[in-house]
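Peer 1: Quick note on numbering: the sequence shown equals residues -29 to -1, 1 to 157 in mature numbering (1 follows the signal peptide of the UniProt record, and there is no 0).
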Amino acid sequence: MHVSRAAWAPSALQALIVAAGLLPARARAAPAEPRTIDLRWEAPDGCPPADEVRSEIDRLLGTSAQRQPIAVEIAVARRGGARLRLDLRIRAPVPGERAIHGDDCPAMARAAALIVAMSIDPDAAARNAAAQPARPQASGGDGGRARRRPRGAARRGARRPPRARRRPPRARRLRRTSAASRGRSG
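(1) Alpha carbon to alpha carbon, how far is Ile71 from Gln39?
(2) Assuming Ala80 and Cys18 form a contact by the criterion Cβ under 8 Å, report the distance between their Cβ atoms to the nearest whole angstrom.
(3) In its own chain, which residues sit with a C-beta less than 7 Å from the C-beta of Pro64, not counting the 5 before and 5 after it?
(4) Tell me, please, whether the segment 20 to 28 touches the segment 55 to 69 by the rule of three or more beta-carbon pairs shorter than 8 Å.
(5) Classify Glu27 as buried or exposed, calling it buried when 16 or more other Cβ atoms lie within 10 Å of its own Cβ.
(6) Which residues in the same chain have their Cβ closer than 7 Å to the Cβ of Gly73, if we skip the five residues on either side of it in sequence?
(7) So, helix, strand or coil for Ala96, using DSSP?
(8) Report the three-state DSSP secondary structure of Pro19 (helix, strand or coil).
(9) Hey, Gln37 and Ile91 are a contact pair by Cβ (cut 8 Å); roughly how many whole angstroms apart?
(10) Based on the DSSP secondary-structure assignment, which residues constitute the bridge partners of Ile41?
(11) Tell me whether Val47 sits in a helix, a strand or coil according to DSSP, three-state version.
(12) Which residues in the same chain have their Cβ closer than 7 Å to the Cβ of Arg69, if we skip the five residues on either side of it in sequence?
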């Protein structure tokens, strides 16, 4: 069977229009290319798991268009008592090392996540760190409630520090000084 060129043109045009209409919809529906963060995390009990650190990095990067792969090794170790040392090594794309010392592993993990996010996209990390402050993470299963004081506890038992005396404005001090000096000389 032979199809004439006149009969073929409208059907080809219709197929092209249908295909063109599907392409943008498919492009919108396609998931964003995942950021490749090769994270190796070693930490003692009381520290957040690797998934939380990775989630914090993703939160800090937000919708950043920079999706370069990064290889990171983070190790947290106890150093006598409650002291901790976090060693962070970025292997790629730009090698670098950092060490953080402290007592609060969740806070140190958030700091490490910020360092990693800054090495990927400094602008996005700074913008998201300022716009969405990280919530404190409790190491226990109480959601941080054990650390909070009940309302009114500060009013009942705790003493407030003494207020600092306010100094009078400069003009008032000068007037007092000049009046005092006139009285002495006169």
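Think of the CB as a built atom: it goes at the ideal place given N, C-alpha and C, for glycine as much as any other residue.
What you are looking at is a predicted structure, and each value in this text was computed from that prediction instead of being measured.
Peer 2: From the atom records:
(1) About 25 Å.
(2) The beta-carbon distance between Ala80 and Cys18, rounded to whole angstroms, is 6 Å. This is short enough to meet the 8 Å contact definition.
(3) Same-chain partners within the cutoff: Gln39, Ile41.
(4) The segment 20 to 28 is not in contact with the segment 55 to 69.
(5) Buried, by the Cβ-count rule.
(6) The residues are Leu55, Met79.
(7) DSSP places Ala96 within a helical segment (H, G or I) once states are collapsed to three.
(8) It is coil, neither helix nor strand.
(9) Ile91 and Gln37 do touch by the CB rule: their CB atoms are close to 6 Å apart, below 8 Å.
(10) Looking at the DSSP assignment, Ile41 forms a beta bridge with Ile8.
(11) Of the three classes helix, strand and coil, the one that applies to Val47 here is strand, per DSSP.
(12) The beta carbon of Arg69 lies closer than 7 Å to those of Leu59, Ile86 in the same chain, with the five residues before and after it left out.
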